[in-house]
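Chains as they are written, first to last, in my numbering: chain W, 1 to 794; chain R, 1001 to 1157. For each residue, glycine too, the CB sits at the ideal point set by N, CA and C.
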Amino acid sequence: MGANDKTGLAGVIGQSVLRKEDARFLTGTGQFTSDVVMPRQTHAYFLRSPHAHATIRSIDLAKAKGSPGIVGIFTAADLTGVNGLPCGWLITGTDGKPMNEPPHPVLAQGKTRYVGDPVAVVIAETIEQAKDAAEQIVVDYDVLPAVVSSVDALKPDAPQLHEQAPGNRCYTWALGDKAAVDAAFAKAAHVTKLDIVNNRLVPNAIEPRAAIASYNRAEDAYTLYVTSQNPHVERLLMTAFVLGLPEHKVRVIAPDVGGGFGSKIYLYPEETALVWASKRLNRPIKWTADRSEAFLADAHGRDHVTHAELALDQNGKFLALSVRTTANMGAYLSTFASCIPTILYATLLAGQYTTPAIWCEVTAAFTNTAPVDAYRGAGRPEATYVVERIVRDAAVELGISQEELRRRNFIREFPYQTPVALSYDIGNYDQTLDGAMEAADVAGFPARKADAKKRGKLRGIGYASYIEACGIAPSNIAGALGARAGLFEAGEVRVHPTGSITVFTGSHSHGQGHETTFAQVVAGRLGVPVENVDVVHGDTGRVPFGMGTYGSRSLSVGGTAIVKAVDKIIAKGKKIAAHLLEAAETDIEFHDGKFVVAGTDRSKTFGEVALAAYVPHNYPLDKLEPGLNENAFYDPTNFTFPAGTHICEVEVDPDTGVVEVASFTACDDFGNIINPMIVEGQVHGGVAQGLGQALLEHCVYDRETGQLLSGSMMDYALPRADDMPPFNVQTKVTPCTHNPLGAKGCGEAGAIGAPAAFMNAVLDALAPLGVKHLDMPASPHRVWSAIRAAHANA
Amino acid sequence: MAVSLAMTVNGKPVSAEVDARTLLVDFLRNHLALTGTHVGCDTAQCGACTVHLDGRAVKSCNVLALQAQNASVVTIEGLIADDGTMHPMQAAFRDCHGLQCGFCTPGMVMSAIDLVNRHPQADEATIRAELEGNLCRCTGYHNIVKAVRQGAAVMGK
């Protein structure tokens, strides 16, 4: 950042500092939830519904209760006084009514609504005993017809899931000015239409969900270790809404967590049942999901069906965008399910473009499938996919180059108020498009295409110029939009007497490297070595409060809370230094780890001031408290708006339909970057998940029976090393204008841009064969079938 | 049925009475408290449980503890020198940012060492093909491939 650095973060900032957390992960000494062992621990197994939709006539536990090693078996009948799991966002429909919010019981009450719906928890001395006993439980099911697709669920004759949701409708919601959109379409020179499916995904963090709950009778207190991205939110929801426990009697610890990607944000039935049962049995209870169980019972992602129309004038300027989407909620509302296809989706439909009128209507439906909630990107990949696919088609239809049509419509004046509620503070979309085109060597594409042709391959190139909105904020606006929680973050900076520092953050790291990035932020601002700063996260017993990690918010929101706490430390340090140096406080400057009397060589080091605060022999005790420990809460004034262009090249084998990712280039603007190595890693991972969605991954339920067909890693194709290309990652910087770090967020960008860039490349490759449309994933069978169909129609 | 088990784990002899159906991964994690070896799936697809059995990488979720009778097993914990120095492959993963959440990492490192033992001069395509049995959901594999190349170079010296 050099001489113009206004962030006060010189030195270690912007450096690829190696990660502090790696030593433990590389030597097998990390502590994941399933590594935790407690004295007298028992093991839980959840008996799950084998049917997608069924009435429970009776449950016979007699035989199971006599099974060896059984400690307890519980069903919904035992959970008296336990409420259902809450949904954290109230959507108000176009009819002015609140969304339909059917109960989400911890264990199935009278009815099961998806394959995997938990029916009973069996707790035994060993997990094998628990599983053996579960096989002895006799559940008499009356199997009902099931519906798995949102479109089918909204049909008049569809099986009905909930009394509280007539027609399986959760809500119909809209955003934008329909009259303006209709008027624009009426005068349009060209209209591009698109029917598109955003495929359903299973997040598949490699660490399966797990929990271990214990109860201390003497203290009447609980401890829960759980695979969570946000332990404070988990505790708040569980205690206040479900179990009716005082918050201070429940400590939630999310230790090392092996990936989340959204799936570990939510309050799930399993850990809730464990906490409840731990008191009942007065024994610790441990549960670790099998992968098969994770496929059935983790919240899934995406699953949209969309019709979109883009109106353009004769010059290729976008006049209006109209979008209708049907979104699958699954069987019950997961913690943030309702806001994903609405607040985090429709608001992003302006993309990087000046489209003056946008209207989006979303209908959310209940189906006999696992709950659907945020998965990496959460609404924003779905929006980008709609916008960038339709922009691609429009360019093809009008004979304008992909680059040119985008440039004709880029937003170039900031702040920019979109017609879908957001106000972009800053960006430079030409810069990231230029950067991507240069890095991808777009100029050399025709030669590469010709070379591929010689090898019998069809080579295509695809663009996605995406925008995302990160760090959902501010709380008062989110509240007006239906959020039932605040969206700030908390941090504490504790300076120890000898000047070393422990930072407590409400953000949670499950792979993002906060222990390093946040240490760099603090070290940079205080002018102390990174080694002197340790970061603590993921424990309600140690961290003041926290909203956790999701929506690429950790640095821009969590990091800013820490910066605010550091600034309080500096402010107090100046007072202490003024006293020690017998100078006026206003004359004290802080830089390079020293408090200096301006214009002199008189100074006190940060360590000397810290020591004075804790050994206050020479200290202004009449004016100042001893100690050097500060808390801060930060509620952002706006979202941040990372943006960029991704360019993908693919090669298709027309004989087999096999698509290979030939190259992938990302040029992103994340604002200021603290640790480039970590940011690049986040982009790599995001792109891999985006390419995974577009090339391989597909969650499929049987349309008749509601059975999950892609229920294991044998059936659900995750990207492997030989499916992925090397990634070419570039960054450009326009610093965020409204947080002191100038940071925007980088965790989801890859997953947002990659699917559209990839699919546009596949369509470009197949265009000569007459293929006009393809849905994700571009599996060999689908591609081959599309080629055959196009050939037959030719 | 309980059976007597004896093997060498990370250079030290161990013995135990275990249920005959005990998997090697459960023996390592639950009996020996070597929790660096992870379980990420139930179909031998993810490779998080990879250890070395008599010098060869195996998925320890797919091996009965009994199958390791009298064998030598090395886990991620066994790669570190007595003075705490990391194995070159561990160091390469750190230097190249070849890990994020760290859950797949132990299995990935054990597989990487095995692949370099078999293919000391492995090129990128070979590395990617050889790592097919290890899933990582965080890194997109880019930096893992880089780390394996660096680790291989140091191991070859």
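Selected residue, minimal CA-CA separation from residue i, among the options
i: ALA421 (chain W); options: W:LEU344, W:ILE196, W:PHE366; result: W:LEU344
i: GLY262 (chain W); options: W:VAL71, W:ARG235, W:HIS508; result: W:HIS508
i: GLY506 (chain W); options: W:THR517, W:ARG113, W:ARG542; result: W:ARG542
i: ASP592 (chain W); options: W:GLY644, W:LYS564, W:GLY527; result: W:GLY527
i: ASP441 (chain W); options: W:PHE241, W:ARG48, W:ALA666; result: W:ALA666
i: ILE348 (chain W); options: W:MET547, W:ILE472, W:ASN83; result: It should be pointed out that residue 348 (chain W) corresponds to Leu in this sequence rather than to Ile. Checked all of W:MET547, W:ILE472, W:ASN83; the closest Cα to LEU348 (chain W) is W:ILE472.
i: GLY753 (chain W); options: W:ALA717, W:PRO642, W:HIS773, W:VAL536; result: W:PRO642
i: GLU630 (chain W); options: W:ASP653, W:LYS568, W:GLY657; result: W:LYS568
i: PHE25 (chain W); options: W:ASP95, W:THR94, W:PRO255, W:GLY81; result: W:PRO255
i: ALA176 (chain W); options: W:THR92, W:ALA767, W:GLU361, W:GLU207; result: A small fix is needed here, since residue 176 (chain W) is Gly in this sequence, not Ala. GLY176 (chain W) has its Cα closest to that of W:GLU361, out of W:THR92, W:ALA767, W:GLU361, W:GLU207.
i: ALA221 (chain W); options: W:LEU245, W:ILE206, W:PRO231, W:GLN229; result: W:LEU245
i: ALA331 (chain W); options: W:ASN168, W:MET776, W:GLY479, W:GLY456; result: W:ASN168
i: ASP430 (chain W); options: W:SER552, W:LYS732, W:LEU741, W:GLY69; result: W:LYS732
i: ALA374 (chain W); options: W:GLU589, W:ILE340, W:GLN693; result: W:ILE340
i: GLU270 (chain W); options: W:ARG19, W:HIS496, W:ALA294, W:VAL783; result: W:ALA294
i: GLY742 (chain W); options: W:ASN83, W:ASN638, W:GLU748; result: W:ASN638
Within chain W, partners of residue i - CB distance below 7 Å
i: ARG1149 (chain R); result: In chain order: nothing, as chain W lies at least about 11 Å away.
i: GLN1121 (chain R); result: Chain W residues near GLN1121 (chain R): none, gap ~18 Å exceeds 7 Å.
i: HIS1142 (chain R); result: HIS684, PRO726, PHE727
i: ALA1103 (chain R); result: It should be pointed out that residue 1103 (chain R) corresponds to Phe in this sequence rather than to Ala. Near PHE1103 (chain R) (Cβ distances below 7 Å), the residues of chain W are PHE32, ILE206, GLU207, GLY258, GLY259.
i: GLY1055 (chain R); result: Per Cβ cutoff of 7 Å: no residues; GLY1055 (chain R) is ~19 Å from chain W at best.
i: PRO1106 (chain R); result: GLY28
i: ALA1129 (chain R); result: ASP722
Residue i vs residue j beta-carbon contact at 9 Å
i: ARG291 (chain W); j: SER712 (chain W); result: yes
i: PHE664 (chain W); j: ALA571 (chain W); result: no
i: LYS594 (chain W); j: ASP669 (chain W); result: no
i: ALA799 (chain W); j: SER334 (chain W); result: Here chain W has residues from 1 to 794 only, and residue 799 (chain W) is not among them.
i: PRO544 (chain W); j: PHE606 (chain W); result: no
i: ALA751 (chain W); j: ARG376 (chain W); result: yes
i: LEU1099 (chain R); j: ALA1057 (chain R); result: no
i: GLY435 (chain W); j: PHE414 (chain W); result: no
i: ALA134 (chain W); j: LEU47 (chain W); result: yes
i: GLU388 (chain W); j: TYR466 (chain W); result: yes
i: ALA1147 (chain R); j: ALA1092 (chain R); result: yes
i: ALA1048 (chain R); j: GLY1107 (chain R); result: yes
i: VAL1074 (chain R); j: SER1060 (chain R); result: no
i: GLY116 (chain W); j: ALA205 (chain W); result: no
i: GLY559 (chain W); j: PHE518 (chain W); result: yes
i: GLU651 (chain W); j: LYS20 (chain W); result: no
i: LEU310 (chain W); j: LYS187 (chain W); result: no
i: ARG392 (chain W); j: GLY462 (chain W); result: yes
Neighbouring residues, chain W, relative to residue i (Cβ below 8 Å)
i: ASP1095 (chain R); result: LEU18
i: ILE1080 (chain R); result: THR27
i: GLN1067 (chain R); result: Within chain W, no residue comes near GLN1067 (chain R); the closest Cβ sits about 19 Å away, beyond 8 Å.
i: GLU1017 (chain R); result: Chain W residues near GLU1017 (chain R): none, gap ~15 Å exceeds 8 Å.
i: CYS1046 (chain R); result: ILE206, ARG291, MET713
Under 9 Å by beta carbon: chain W residues contacting residue i
i: GLU1077 (chain R); result: THR27, GLY28, THR29
Beta-ladder partner(s) of residue i, from DSSP
i: HIS307 (chain W); result: W:ASP195, W:ARG324
i: ASP1019 (chain R); result: R:ALA1002
i: ASN629 (chain W); result: W:ARG494
i: PRO118 (chain W); result: W:ARG48
i: ILE56 (chain W); result: W:TYR141
i: MET713 (chain W); result: DSSP lists no partner for MET713 (chain W).
i: ASP539 (chain W); result: W:ILE253
Interface partners of residue i on chain R, CB under 9 Å
i: ILE678 (chain W); result: HIS1097, GLN1100
i: GLY551 (chain W); result: None at all; the shortest Cβ gap to chain R is about 17 Å.
Residue i: contacting residues in chain R (beta-carbon distance under 8 Å)
i: GLY511 (chain W); result: GLN1100, CYS1101, GLY1102, CYS1138
i: THR687 (chain W); result: Just to set this straight, residue 687 (chain W) is Val in the shown sequence, not Thr. Ordered by position in chain R, the residues that pass the 8 Å Cβ test against VAL687 (chain W) are GLY1140.
i: ASP807 (chain W); result: With chain W covering only 1 through 794, there is no way to say anything about residue 807 (chain W).
Check: residue i C-beta below 8 Å from any heavy atom of the ligand MG
i: PRO371 (chain W); result: In the structure on display, the ligand MG does not appear, and there are no ligands present to speak of.
Quick check on the DSSP output: what are the complete alpha helix (DSSP H) runs of length 4 or more inside the segment 656–706 of chain W, in order along the chain? 676–695
Ranges of the beta strand (DSSP E) found wholly within the segment 413–488 of chain W, counting only runs of at least 3: With a minimum length of 3 residues, the continuous beta strand (DSSP E) runs that stay inside the segment 413–488 of chain W are 458–467.
So within the segment 1051–1104 of chain R, which uninterrupted alpha helix (DSSP H) runs reach at least 4 residues, ignoring any that extend past its ends? Runs of the alpha helix (DSSP H) inside the segment 1051–1104 of chain R: 1088–1095.
Which parts of the segment 504–531 of chain W are runs of the beta strand (DSSP E), unbroken and 3 residues or longer, counting only runs that do not cross its ends? Entirely contained in the segment 504–531 of chain W, not one beta strand (DSSP E) run reaches 3 residues.
Complete alpha helix (DSSP H) runs within the segment 228–268 of chain W (minimum length 4 residues, chain order): Entirely contained in the segment 228–268 of chain W, the alpha helix (DSSP H) runs reaching 4 residues are, in chain order, 231–236.
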